[in-house]
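So the mapping is simple: the working numbering equals the position in the sequence shown, first residue as 1, plus 4. Cβ coordinates follow ideal geometry from the N, Cα and C atoms, glycine included. Since the model is a prediction, treat every value here as computed from it, not as a measurement. Each remark here refers to the structure printed beneath this line.
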Amino acid sequence: MITSGIQVIIGLIFIFSLLSILATQINTIIANVLQMRAGHLRLGLQALITDPTIRARFYAHPLIRILEPLNEQQQEIVVASAQAAAEMMASEPTNNVTWITPETFAEVLMDILAERAVDDLYGPFADKVEEVLTGAERARMRALVTQIKNSGIGLNDLEAAVAALADHEDQRILNEELAEVKALRRELLAEDNETTKLIPLLAGLAHVHDPYFRRVMNILLGAANTLQEAQTRLQNWFVAGMDQLTIVYRRYLNYVSLGVGLALAVLLNVDAVHMTRVLWSDPATRTDLINAIDLDALGTLMGEIDGVTTATPAPTVAPTADPLAPTVDPALDPSLDPSLDPALDPALDPSLDPALDPSLVPSPDLPPDSSFPTALPPLATIAPNEPLVPLPTVEPATGASANGSIARIAYQTAEDANDVEQALSDSVAAAVATLNELLNLDLPVGWHITPLENIDCFPDAEAEMPAACNDRRNLLLMIPGYSRDYIGFVLSKLLGWAITTIAIAQGAPFWFDLLNRLVRGRSQRSSG
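What follows is the structure in structure tokens.
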């Protein structure tokens, strides 16, 4: 009897393992179809970057591309009105970006803040161009000023264009303005004054309209002594925010996993109570199920679902060529010549300890204009130097593995559409294969409809009710009037489905580990 009981337990654990793997595969399909990871990443960024104008520029930055690049009209909207920028960003469709590294986040944010300092730096020169030049010369000079604002590259071309002007008076006026620009630029980029290099960032804060975001940036950047330290502090702030987002995403996935588990239990009629009775009373079914257990095959399946939620290394973003200029990847614009301006940022110093105030990390549950967040649940364990985001594993519920963090989700862009479609197709194929494996076990699961017209399911109290009137796989018996003990029948089914749902929610790693311990431990004791 003890052996039979152990076999029943092992059989049930094996079934729960397959169901949990199937649920994980279905969760992956749902997450990909609904772009849940990308949506929650955007939610997290909205909680961190509460200034709508800064957020709009962040979304459309070439290194981020959560949205398609802004056209000229959209750029004007962003500059003109923070409210209009927020509304536009909310209505724009997102790309499939689910992962942003802390390094990229910090560089892009610093780039956006410094961009206003660039406008202040070259603004007087641009105004003078509009005042003294006309026609083709004005158009040429506008293009060069725009290029240097956008990339920080092209100052030599600008000097050459001024020298080539036909009117010597225009040359003199613009050379005077250009000399002031170069002098201020040299002052800001003085190599012997690291603190001075922070001036563009701090000057950019004057253009931040949201008081909460401005206060956070002042605390983070105001305490930094070098660009390195400022970037490190922004990175750690982002990591802390993604930790909070992981908690929110996992909580959301718990509900999805419970829904998937309940759907599997009902649609496949996986009644844990009925399966236990059958395995206990039918030695042949029990033995066949035990013999069907293949730990190596299950391990392969576990590896496949782990592979779905494990990220590939994020691309390393090189330091910007000029801290006064926006960060632009030269690959995005072949006209840029990075040789004109050497990289100014050395590698980050991991020994720096920014000692960030945890209260600065807004909760993704709060609206962007909320005050500082209240207490949050314990943070997920993510190493500070681990490549982030965005999104967590799709492992169901509380049994989720350590992969369940935003830090481990693959980075996808619109250019990866074919890969995304292929991954979705592979996920569907894997789920179908797992379902077929479960059904091929010939277990007491599934539904059928068997008419009961010629069977008396309401015999006298002393008479035994026919077995067909208590067939837990007959869908007709779920309808009132087909069974003498209809209430007891339905309550028993509900209990069985509830147990199955809770079991699925524990996660495939939980059941696989338990099954592995029981089967291998039992084999070792038998051989010993």
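Of the listed residues the options, nearest to residue i (C-alpha basis)
{"i": "arginine 254", "options": "Val432, Leu45, Leu178, Phe242", "result": "Leu45"}
{"i": "isoleucine 68", "options": "Asn444, Leu49, Ile34, Ile104", "result": "Ile104"}
{"i": "glutamate 184", "options": "Pro204, Arg488, Asp124", "result": "Asp124"}
{"i": "alanine 1", "options": "Leu113, Ile19, Asn36, Leu231", "result": "Lying outside 5 to 532, the shown extent of the chain, residue 1 is not represented and no answer is given."}
{"i": "leucine 117", "options": "Leu231, Leu182, Leu169", "result": "Leu231"}
{"i": "threonine 54", "options": "Met221, Leu26, Asn179, Leu137", "result": "Met221"}
{"i": "aspartate 298", "options": "Arg218, Leu519, Leu47, Thr7", "result": "Leu519"}
{"i": "asparagine 36", "options": "Pro56, Arg61, Ala51, Thr102", "result": "Thr102"}
{"i": "aspartate 247", "options": "Gln175, Leu38, Leu49", "result": "Leu49"}
{"i": "valine 212", "options": "Tyr486, Ile58, Glu173", "result": "Ile58"}
{"i": "alanine 42", "options": "Leu249, Tyr490, Gln175, Leu205", "result": "Leu249"}
{"i": "threonine 171", "options": "Thr138, Pro470, Ala210, Met306", "result": "Looking at the sequence shown, residue 171 is not threonine but aspartate. Checking every option, the nearest Cα to that of aspartate 171 belongs to Thr138."}
{"i": "glutamine 11", "options": "Ala512, Tyr490, Ser285, Ala471", "result": "Ser285"}
{"i": "glutamine 151", "options": "Glu119, Val252, Leu205", "result": "Glu119"}
{"i": "alanine 187", "options": "Leu159, Val260, Leu293, Tyr256", "result": "Leu159"}
{"i": "tyrosine 256", "options": "Met40, Pro484, Ala507", "result": "Met40"}
{"i": "asparagine 444", "options": "Ala507, Ala296, Glu425, Asp300", "result": "Ala296"}
{"i": "alanine 168", "options": "Met145, Ala433, Pro470", "result": "Met145"}
{"i": "glutamate 308", "options": "Ala433, Leu271, Ala507", "result": "Ala433"}
{"i": "alanine 269", "options": "Ala507, Ile491, Arg524, Arg176", "result": "Ala507"}
{"i": "phenylalanine 18", "options": "Leu182, Thr291, Leu271, Ile483", "result": "Thr291"}
{"i": "arginine 189", "options": "Pro204, Asn474, Arg176", "result": "Pro204"}
CB contact flag (residue i, residue j, <7 Å)
{"i": "alanine 435", "j": "leucine 238", "result": "no"}
{"i": "alanine 121", "j": "alanine 207", "result": "yes"}
{"i": "threonine 438", "j": "leucine 26", "result": "yes"}
{"i": "arginine 476", "j": "tryptophan 451", "result": "no"}
{"i": "leucine 522", "j": "isoleucine 14", "result": "yes"}
{"i": "arginine 488", "j": "phenylalanine 514", "result": "no"}
{"i": "alanine 512", "j": "serine 8", "result": "no"}
{"i": "tryptophan 241", "j": "leucine 224", "result": "yes"}
{"i": "proline 106", "j": "valine 243", "result": "yes"}
Close Cβ partners of residue i (< 8 Å) along its chain, the five nearest in sequence each way excluded
{"i": "arginine 142", "result": "Val133, Glu134"}
{"i": "threonine 289", "result": "Val282, Leu283, Asp446, Leu447, Pro448"}
{"i": "valine 149", "result": "Tyr126, Phe129, Ala130, Val133, Leu162"}
{"i": "serine 431", "result": "Gln29, Thr32, Ile33, Asn36, Val312"}
{"i": "leucine 266", "result": "Trp501, Thr505"}
{"i": "leucine 480", "result": "Ile453, Thr454, Pro455, Leu456, Tyr486"}
{"i": "leucine 209", "result": "Leu117, Arg218, Met221, Asn222, Leu225"}
{"i": "methionine 306", "result": "Ile25, Ala512, Pro513, Phe516"}
Counterpart residues of residue i in DSSP-defined beta bridges
{"i": "asparagine 478", "result": "His452"}
Close Cβ partners of residue i (< 7 Å) along its chain, the five nearest in sequence each way excluded
{"i": "leucine 336", "result": "Note that leucine 336 scores 36 on pLDDT, short of 50, meaning its location in the model is unreliable and no value can be drawn from it."}
{"i": "isoleucine 30", "result": "Val264, Ala435"}
{"i": "alanine 228", "result": "Leu202, Ala234, Arg237"}
{"i": "leucine 22", "result": "Thr438, Glu441, Leu442"}
{"i": "leucine 302", "result": "Ser21, Phe516"}
{"i": "alanine 472", "result": "Thr454, Leu456, Ile459"}
{"i": "aspartate 214", "result": "Thr54, Asp55"}
{"i": "isoleucine 294", "result": "Gln11, Ile14, Gly15"}
{"i": "proline 319", "result": "Legend: pLDDT at proline 319 = 36, less than 50; position of this residue unreliable, no value from coordinates given."}
7 Å Cβ cutoff, residue i in contact with chain E
{"i": "glycine 158", "result": "Protein chain content of the structure displayed is limited to a single chain, and chain E is not contained in it."}
Same chain only: Cβ atoms within 6 Å of residue i, ignoring 5 sequence neighbours per side
{"i": "proline 354", "result": "Low local confidence applies: a pLDDT of 37 at proline 354 is under 50, so the model's placement there is unreliable, and no value is given."}
{"i": "alanine 406", "result": "In this prediction, alanine 406 scores a pLDDT of 30, lower than 50, which makes its location untrustworthy; the coordinate-derived value is nonetheless stated afterwards. Within the same chain, alanine 406 has no close Cβ partners at all."}
{"i": "glutamate 180", "result": "none"}
{"i": "aspartate 174", "result": "Val136"}
{"i": "tyrosine 216", "result": "Thr54"}
{"i": "serine 339", "result": "For serine 339, the pLDDT reaches just 38, beneath the cut-off of 50, and the residue's location in the model is therefore unreliable, leaving the point undetermined."}
{"i": "proline 484", "result": "Tyr490"}
Proximity test, residue i beta-carbon vs the ligand MG heavy atom, cut-off 6 Å
{"i": "valine 220", "result": "With respect to the ligand MG, the structure offers nothing, as it holds no ligand at all."}
query = With a cut-off of 8 Å, do at least 3 Cβ pairs link the segment 260-279 to the segment 497-504?
reply = yes
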